[in-house]
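In the numbering used here, the protein residues as written are 7 to 139.
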């Protein structure tokens, strides 16, 4: 059992290192990790997939909202803020900054800019089930 736990911890550390190398994680992530890890040794193993799932679900909702005519800018703004809040609290600063760009496009009612911001965000959400490269 100890060896499987060590293997899981090693795999988790590889995923975290990969996210850090990609610039997805920032100092907020390390603070969250240090606060929670003492209470639950599997905190990161639960946190990373949950974060990715929540952001992917919200991006799917953003996509649906963008595809509807006319675009509901209020819903777009709310969904953008949801992603920004999630990424900020998780420690994914680059994604949070991308949400600022997306929100500007929403504020300007710039549908092309929203598509660009949406695609940029979508391409940067990690899949925690993939092996780090």
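Built from N, CA and C at the ideal position, the CB exists for glycine as well.
{"Query": "Helix, strand or coil for residue 25? Go by DSSP, reduced to three states.", "Result": "helix"}
{"Query": "If I follow the unbroken alpha helix (DSSP H) through residue 112, where does it start and stop?", "Result": "99 to 113"}
{"Query": "Looking only at its own chain, which residues have a Cβ that is under 6 Å from the Cβ of residue 105, when we skip the five neighbours before and after it?", "Result": "86, 89, 90"}
{"Query": "Would you mind working out which of 81, 76, 77, 22 sits nearest residue 55, comparing C-alpha positions?", "Result": "22"}
{"Query": "Cβ of residue 35 within 7 Å of Cβ of residue 97?", "Result": "yes"}
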